[in-house]
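Input: a single structure, listed below in structure tokens.
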């Protein structure tokens, strides 16, 4: 129906997607069934309620103390509380959903925003039955929620209110409510086929890491952002391929082609100005990536990763190892060994953003395990390669995307797959492997 606050004609019975206000079904103007279009009828029914009004003082104090949250998230949550919270029904008269396990209400199901957040805990318990309580009941645990703008109220008021009422679980440390990501000047809409639809990525042959990388550039942390294909082409070709993967390839290919693939660590006493600067950059970039991630600043963290690749490229240009390979091959081995340490650090630091590229880079160094293994993150700012390293000639991690290729991909992924077709597909499908690294 129509939202009584902003006039949006497609508001739902519990919340308006445009203005974000929580609604009671009877508040809708000209309500209608989304399936048949008929007008719903009000009936008396007995329900269970969450007393958000009683929890309001505790919620307000908790959010006031959360000074490390983003200002717009705190402001929205406090504004809702100070406007007045009301008890909210947590049950529905439906024949599908999670049944209420309570006598007198077994014919009802839980409202989705009551049962869904509990899944955060239950899936952790299922995945780690011996450790789940350390995630959810240890007061030293930092729980992060990252969500869209329209779900801020549920994760700053509704869900924390449930946890407060229950009493034994740790409250979220950060609630990072994002703003809206638009597509080519308009709001993304599956019903209107306006956006990028990920189920067709395998068909398009687009490495999902490229989409991950671009979305990290765009993540709407403080304001709305926009997906544009011309910007996708520029950022991926210039920053991801031209800076990041190009540095990895030029380092390892030069080692293989000019030095027989054998690299040896430089004696610390022989470190020059450029080496000392790069060692410090490895350390400080890793620290800053961690700091940004802890503050929920994914865009800034990703820029630090790319910044380390740029540092490596500058070191490459300063030292000119292709010339040293002819005149001072031992020096060249040391220079490229240090550059390979940058590759190792990059693999660890970019694993949260582009895990496939990170694993392929790690594999090119012929290292054991994976860049995302437990304990690996603490090594990201160090020189942890073995003193002697053997490199085989690498293949490029990623080819540059042409305008024609992007247009072909765009034609595929901007048309959603009908639900009936998705349901008929096998449960698993192979992901694209543009670098040809799988056997």
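Numbering (our numbering), first residue to last: 66 to 504. For each residue, glycine too, the CB sits at the ideal point set by N, CA and C.
Opening and closing residue of the alpha helix (DSSP H) in which residue i lies
i, result
"residue 78", "Taken as a continuous stretch (DSSP letters only), residue 78 belongs to no alpha helix (DSSP H), as it is neither H nor E."
"residue 400", "394-415"
"residue 216", "Careful: residue 216 lies outside any alpha helix (DSSP H) and carries neither H nor E."
"residue 281", "273-283"
"residue 69", "Unbroken run through residue 69: none, as it is neither H nor E."
"residue 459", "Unbroken run through residue 459: none, as it is neither H nor E."
"residue 190", "183-192"
"residue 199", "197-201"
"residue 444", "Premise fails: residue 444 is in no alpha helix (DSSP H) and is neither H nor E."
Residue span of the beta strand (DSSP E) that contains residue i, given as start and end
i, result
"residue 329", "327-329"
"residue 377", "Per DSSP, residue 377 belongs to no beta strand (DSSP E); it is in the alpha helix (DSSP H), 363-384."
"residue 239", "239-243"
"residue 291", "290-292"
"residue 247", "246-248"
"residue 455", "453-455"
Three-state secondary structure assigned by DSSP to residue i
i, result
"residue 437", "coil"
"residue 139", "helix"
"residue 86", "coil"
"residue 162", "coil"
"residue 266", "helix"
"residue 259", "strand"
"residue 488", "helix"
"residue 115", "strand"
"residue 478", "helix"
"residue 156", "strand"
"residue 252", "strand"
"residue 344", "helix"
"residue 297", "helix"
"residue 18", "As displayed, the chain neither begins before 66 nor continues past 504, which places residue 18 out of reach and without an answer."
"residue 314", "helix"
"residue 177", "helix"
"residue 419", "coil"
"residue 106", "coil"
"residue 133", "coil"
"residue 210", "strand"
"residue 494", "Note that residue 494 scores 47 on pLDDT, short of 50, meaning its location in the model is unreliable; the coordinates nonetheless yield the value given after this. The answer is coil: DSSP assigns residue 494 none of H, G, I, E or B."
Top-ranked residue by Cα proximity to residue i, from the options
i, options, result
"residue 350", "337, 375, 242", "375"
"residue 174", "158, 185, 274, 445", "158"
"residue 427", "462, 126, 401", "462"
"residue 347", "311, 448, 327", "448"
"residue 399", "365, 452, 256", "452"
"residue 456", "188, 153, 314", "314"
"residue 186", "234, 355, 253", "234"
"residue 381", "396, 190, 422, 92", "396"
"residue 445", "430, 413, 437, 422", "413"
"residue 162", "172, 454, 189, 154", "172"
"residue 505", "192, 378, 104", "Because the chain is modelled from 66 through 504, residue 505 falls outside the range shown and cannot be assessed."
"residue 273", "146, 474, 115, 71", "474"
"residue 72", "88, 89, 94", "94"
"residue 103", "66, 139, 84, 83", "66"
Expected contact under 8 Å - CB spacing of residue i and residue j to nearest Å
i, j, result
"residue 269", "residue 120", "Residue 269 to residue 120, Cβ: 47 Å. No contact."
"residue 284", "residue 363", "5 Å"
"residue 328", "residue 402", "4 Å"
"residue 218", "residue 145", "6 Å"
"residue 308", "residue 371", "6 Å"
Check: residue i C-beta below 7 Å from any heavy atom of the ligand HEM
i, result
"residue 228", "As for the ligand HEM, it is missing from this structure, which has no ligand bound."
*Should the stretch 435-451 be called in touch with the stretch 221-235, which here means at least 3 C-beta pairs below 8 Å?*
no
*Using 8 Å as the threshold, is the stretch 278-292 in touch with the stretch 236-251, meaning 3 or more CB pairs across them?*
Yes, the stretch 278-292 is in contact with the stretch 236-251.
*Using 8 Å as the threshold, is the stretch 398-408 in touch with the stretch 343-357, meaning 3 or more CB pairs across them?*
The stretch 398-408, when compared against the stretch 343-357, does touch it at the 8 Å Cβ threshold.
*Check whether the stretch 377-396 touches the stretch 322-342, counting contact only when three or more Cβ pairs, one atom from each stretch, lie closer than 8 Å.*
The stretch 377-396 is in contact with the stretch 322-342.
*Is the stretch 91-110 touching the stretch 127-141, taking contact as three or more C-beta pairs under 8 Å?*
Pairwise C-beta distances place the stretch 91-110 out of contact with the stretch 127-141, as fewer than three of them are shorter than 8 Å.
*How do the stretch 256-268 and the stretch 463-482 stand: do at least 3 beta-carbon pairs fall below 8 Å, yes or no?*
Touching, per the Cβ criterion.
*Between the stretch 295-305 and the stretch 272-283, do three or more beta carbon pairs fall short of 8 Å?*
yes
*Spell out a yes or no on whether the stretch 134-142 and the stretch 71-79 are touching, meaning 3 or more CB-CB pairs, one atom from each, closer than 8 Å.*
no
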